[in-house]
Structure formats: structure tokens, C-alpha cells
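Below is one structure; the comments refer to it alone.
There are 2 protein chains.
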Amino acid sequence: MPRATTTSDAFNAVAEPRRREILEFLAPQERAVNDVVAELRLAQPSVSKHLRVLLDVGLVQMRREGRQVLYRTNAKALQPLHEWASRFERYWRGQLGRVKERAEEQERRTNETTKKGRKR
Amino acid sequence: MPRATTTSDAFNAVAEPRRREILEFLAPQERAVNDVVAELRLAQPSVSKHLRVLLDVGLVQMRREGRQVLYRTNAKALQPLHEWASRFERYWRGQLGRVKERAEEQERRTNETTKKGRKR
DNA sequence: TTGACATATTCCGTAACGGGAATATGATTC
DNA sequence: GAATCATATTCCCGTTACGGAATATGTCAA
Chain X
28 MPRATTTSDA FNAVAEPRRR EILEFLAPQE RAVNDVVAEL RLAQPSVSKH LRVLLDVGLV
88 QMRREGRQVL YRTNAKALQP LHEWASRFER YWRGQLGRVK ERAEEQERRT NETTKKGRKR
Chain U
28 MPRATTTSDA FNAVAEPRRR EILEFLAPQE RAVNDVVAEL RLAQPSVSKH LRVLLDVGLV
88 QMRREGRQVL YRTNAKALQP LHEWASRFER YWRGQLGRVK ERAEEQERRT NETTKKGRKR
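From first to last, the protein sequence lines are chains X and U. Position one of the first sequence corresponds to residue 28 (the numbering used here), numbered consecutively onward. Position one of the second sequence corresponds to residue 28 (the numbering used here), numbered consecutively onward.
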């Protein structure tokens, strides 16, 4: 099985650095495709393709305005990513993480290691 | 250019769902490889490979203990991801985001009604 | 040693990926 | 209509992904 498609979810879509840049650029205000091209200095087809991916996973929204197409970041779609990372917050800071860690470490030693009569 | 390698950074490493599961499992306490295999019901070589990727980007740490190799999540390596997502927090909640949104919505509306067939 | 257990690596196959170039679609103006 | 501007899609290419199966490495025990 190959890697999951970039359009499968926000995690995959955001793995590409240029797409992250695009999201940052489109977050404060909506912009036309050519603005992205100019600002990030990417080829136009490349931008269109990245925007397509972002659109498919709901990370951007789109609106037609005359000849141009305006895109904007849909920040809500980044919430799951943020929340997922937040689950680890307690482990990189704060005491709760350490205390719990220590307690479970303790339990592991007594349970798992003993289950097969292992030494050490 | 193909997609960046999974070992290039945390974003790419975390794009794979199984690796996220592994990180969750290894966050509270360190575990042997076989524990991961048993708990997540993955093939052993698969787990070893995923752990290798996670190790390369610093998302887990490793320690040998007799025959087994114990892994644990290095939560600090997830901080950049969390911080990146946090930059969008103001856009999905909070007033700044909404105010700006409303302002633009307003402007969009005025343009549409006022200047119906203009040039750009 | 030899054998078992635990984990890692290699090789294979299929399936994206992302860039570039060319081309297609869409909307506006003349 | 035709020309033009703005964006999207298609095709080709070299690279990488992940899974499965087989095999290799490493550690302990008898």
C-alpha cells in the first residue's frame, strides 16, 4: 500500500511545506490565485494544484469573482490537527505528565515484565 | 519533485495514521516493540519501519533493555506542529477573526450590489 | 555452540506525489 | 465573433511511500 493520498485528510495535505505557506498567506484575507503565485513565487499550475488539494480536504474555500477565483483559508479545518497535537501537551510540559509517567512506568515494571518471568 | 520523504520532518512523519497511533500509545510510557505490535495489531516489520521513521525525525526515543528495545514518544518534537496550528487559532475562534471576516463579507456585498459590471 | 526470542533490514510490487510544459476551460472586453 | 486575461487540467517523469514476505542482526539461555 502506497502512501495515503494528499487529499485524504488535513494531516496529509499539510505535510507539504508549500501548502502550509499557502494556508498562512490565505488566512488573514481571501486572495486571488495570481496573488499567491506572485507572493510565494510558485508556478501558476503548481498553485492551482495545491489549492485543489487544500480545497478537497476543506482547508480552503473558494469563490468566483469575475475572471478571478478567490481563495481563503478555512481555519476550522485545522482544529483537528491542533487538538491532536494538544493531547501531547501535558507530556512536553507541566508536572502532570511526569507524575503520570512515573506512575505508569512503575506499573509496567510490575506487570508486564513479570508476566513472562523475565530478568531485568 | 515527489512528496518530501517521511523522515524529513514531523509534519510528514505524522501524516501516516498508524504512526499517529503509535505516538499516542508510546506517549504515557515507554514500550517494547512487541507491545506495539500486539496493541495496534500491526505486522512486526511494519512497526519497526514506522518506529524508524519516527526515530529519524526525533518523535520517539529508543533504549535497549536486554533483548527488547523500548521506545517512548518524545512529545517535545510535536511542539512545532502544535505551534503552527495555533497560528490559525484566532481565525477559527476569537473576535479578531470574526470581525475581519464580517468586514470582508460586508465589503464583498457592497461591491456586488454597487458595481455590477465593473472592470478590475 | 546451538537454539529461542526480539527486532531490524532488504527486496518486491503497486500507487501516489509534485514539478514542468503544454493545453484546456472560463470570463471579459473589443 | 476574436483576442485576452485568469485559472484549471492533463501528460510525462523520476522519486518515494507503504505493505508483505523473507531474511538478517542481536541478545540471552542451556
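All C-beta atoms, glycine included, are put in the ideal place defined by N, C-alpha and C. Remember, it's a predicted structure, so these values are computed and weren't measured experimentally.
When the cut-off is 7 Å and only beta carbons count, does residue i lie next to chain U?
i                        : result
tyrosine 98 of chain X   : no
alanine 150 of chain X   : Residue coverage of chain X in this structure runs from 28 to 147, which leaves residue 150 of chain X outside it and unanswerable.
leucine 67 of chain X    : no
glutamine 133 of chain X : Below a pLDDT of 50, predicted positions are generally treated as unreliable, and glutamine 133 of chain X, at 45, falls in that range; no measurement from the model is reported.
alanine 102 of chain X   : yes
alanine 42 of chain X    : yes
alanine 112 of chain X   : yes
Under a CB-based cut-off of 7 Å, is residue i close to chain X?
i                           : result
leucine 78 of chain U       : no
leucine 81 of chain U       : no
phenylalanine 38 of chain U : yes
leucine 105 of chain U      : yes
leucine 86 of chain U       : no
threonine 140 of chain U    : Here threonine 140 of chain U scores only 28 on pLDDT, less than 50, and its place in the model is too uncertain to base an answer on.
Tell me where the beta strand (DSSP E) around residue i begins and ends.
i                       : result
glutamine 95 of chain U : 95-100
glutamine 88 of chain U : 87-92
Of the residues the options, which one's Cα is nearest the Cα of residue i?
i                            : options                              : result
threonine 32 of chain U      : X/Phe38, X/Thr34, X/Ala42, X/Ser35   : X/Ala42
threonine 34 of chain U      : U/Gln106, U/His77, U/Arg47, U/Glu110 : U/His77
valine 96 of chain X         : X/Leu69, X/Ser75, X/Phe52            : X/Ser75
arginine 117 of chain U      : X/Gln106, X/Trp111, X/Leu69, X/Val60 : X/Gln106
valine 64 of chain X         : X/Leu108, X/Gly85, X/Ser73           : X/Ser73
glutamine 71 of chain X      : X/Arg45, X/Pro55, X/Ala54            : X/Arg45
aspartate 36 of chain U      : U/Glu110, U/Gly85, U/Thr100          : U/Gly85
glutamate 66 of chain U      : U/Gln56, U/Glu57, U/Phe52            : U/Phe52
tryptophan 119 of chain X    : U/Glu110, U/Trp111, U/Asn101         : U/Asn101
tyrosine 98 of chain U       : U/Arg58, U/Leu108, U/Asn39, U/Ala112 : U/Arg58
tyrosine 112 of chain X      : U/Leu50, U/Gln56, U/Leu69            : The sequence given here places alanine at residue 112 of chain X; tyrosine does not occur at that position. Ranking the options by Cα distance to alanine 112 of chain X, first place goes to U/Leu50.
phenylalanine 115 of chain X : U/Leu69, U/Arg114, U/Ala104          : U/Ala104
valine 87 of chain U         : U/Arg30, U/Glu110, U/Gln56, U/Arg68  : U/Gln56
leucine 108 of chain X       : U/Arg30, U/Met28, U/Pro29, U/Phe38   : U/Phe38
glutamate 110 of chain X     : U/Asp62, U/Asn61, U/Arg47, U/Arg68   : U/Arg47
Looking at the unbroken alpha helix (DSSP H) that takes in residue i, where does it start and where does it end?
i                        : result
proline 44 of chain X    : 44-53
arginine 79 of chain X   : 71-83
glutamine 106 of chain U : 106-113
valine 41 of chain X     : No alpha helix (DSSP H) holds valine 41 of chain X; DSSP gives it neither H nor E.
aspartate 36 of chain U  : Element bounds for aspartate 36 of chain U: n/a, residue is neither H nor E.
arginine 68 of chain U   : It is not in any alpha helix (DSSP H) - arginine 68 of chain U carries neither H nor E in the DSSP assignment.
arginine 24 of chain U   : Lying before the first or after the last residue shown, residue 24 of chain U is absent from chain U, which here runs from 28 to 147.
Inter-stretch contact at 8 Å, needing at least 3 Cβ pairs: the segment 82-92 of chain U / the segment 76-88 of chain X: No contact exists between the segment 82-92 of chain U and the segment 76-88 of chain X.
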